[in-house]
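Reading through the C-alpha cells given below for one structure.
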C-alpha cells in the first residue's frame, strides 16, 4: 500500500517499484535474493563506520554491516523503508554515508544516471558503493528478454557499463563478483540438481552469473599544495675594492 502522503510522486516510478517488489517476493526473485545475501554479507563484514544506506525494491530485510553503527533503508513509501524519498531526491547531505548499497536499484528505476549520481554523492571520500544488478549476459538476462512479468521491465545494465559510469563519478572499482549460475527455473528439484555446478562456477567466478556485485571506493582527492610566493632576484653582490692603508708612520 502506497502512503497517501506520497501521492505526488511519479506514478510510473511507484508502479515500477511495486511490480519489482512483487516479483522479488516470488519464488524466482527470492531464490536470486538468497544467493545475493550470502555474497553481500561476505563483503559487508569488512566495512566499518557510522552509516550504511541501502536502496532497492526488495521487501525483505537487507544484509547489514555488523561494524557499521547505523544501517538505514531508503526508498519508496513501502513497508520496511525507514527514509521515504524519490530515486533522484535523497534527503541526505553530501558525503553522509560510509557505505551505500544499490541492490537492483539500477535495474528498476526511471533514470539510472540520476540514481547513480545521487548515490555517489552520498558516499564520503574513501567510502564504498556496492551495486548489485542482473547480469544481461546470463540465463537470467535471457529470461528478462522473453519474460511477461516484472523482470521484463528490468534494465539489466551490464557490469562493464556501470563500471565506466563509476569511473566518471570518481570511483575506483575494487572488486567485481558474479553469483547465481543456476538458470531461473522454478522447480526446486532442478535447482538441487544444479547445486554442484553453482559451487564450481562460483569458485571459478565465470562471467555468466545471474547477478553481479561491484564494489567501488570513492577516491580521496589529494590536498592541493600551497603555492609558494615567487622570490624576486636580489641581484648579484659585486665585490668592492678595498682601500689601501699607508702603513708608513706619519712624521709630525
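In this note's numbering, the protein residues as written are 7 to 258.
Yeah, the Cβ is synthetic: ideal placement off N, Cα and C, and Gly gets one too.
Rounded distance between the beta-carbons of residue j and residue i, thought under 8 Å
| i | j | result |
| --- | --- | --- |
| residue 226 | residue 118 | So it is not a contact: roughly 26 Å between Cβ atoms. |
| residue 147 | residue 41 | Residue 147 to residue 41, Cβ: 15 Å. No contact. |
| residue 16 | residue 116 | 7 Å |
Beta-carbon spacing of residue i, residue j below 8 Å
| i | j | result |
| --- | --- | --- |
| residue 105 | residue 78 | no |
| residue 65 | residue 50 | no |
| residue 60 | residue 109 | yes |
| residue 92 | residue 19 | yes |
| residue 140 | residue 150 | yes |
| residue 43 | residue 69 | yes |
| residue 161 | residue 112 | yes |
Identity of the residues DSSP links to residue i by a beta bridge
| i | result |
| --- | --- |
| residue 140 | 217 |
| residue 185 | 217 |
Start and end residues, beta strand (DSSP E) containing residue i
| i | result |
| --- | --- |
| residue 26 | No beta strand (DSSP E) holds residue 26; the alpha helix (DSSP H) holding it covers 17–30. |
| residue 108 | 103–109 |
Between the CA atoms of residue j and residue i - distance to the nearest angstrom
| i | j | result |
| --- | --- | --- |
| residue 81 | residue 121 | 11 Å |
| residue 135 | residue 107 | 6 Å |
| residue 219 | residue 57 | 20 Å |
| residue 39 | residue 30 | 8 Å |
| residue 229 | residue 181 | Residue placement at residue 229 is poorly supported in this model, since its pLDDT is 43, which falls under 50; the coordinates still yield a value, given next. Whole-angstrom Cα-Cα distance: 27 Å. |
| residue 4 | residue 144 | Within the shown structure, residues of the chain are numbered from 7 to 258, placing residue 4 beyond reach of any answer. |
| residue 164 | residue 212 | 15 Å |
| residue 231 | residue 175 | Caution applies to residue 231, whose pLDDT of 47 falls short of 50 and renders its modelled position unreliable; the value that the coordinates give is listed next. Approximately 23 Å between the Cα atoms of the pair. |
N- and C-terminal bounds of the alpha helix (DSSP H) containing residue i
| i | result |
| --- | --- |
| residue 169 | 165–174 |
| residue 76 | Careful: residue 76 lies outside any alpha helix (DSSP H), inside the beta strand (DSSP E) at 74–81. |
| residue 226 | Here residue 226 belongs to no alpha helix (DSSP H), and DSSP marks it neither H nor E. |
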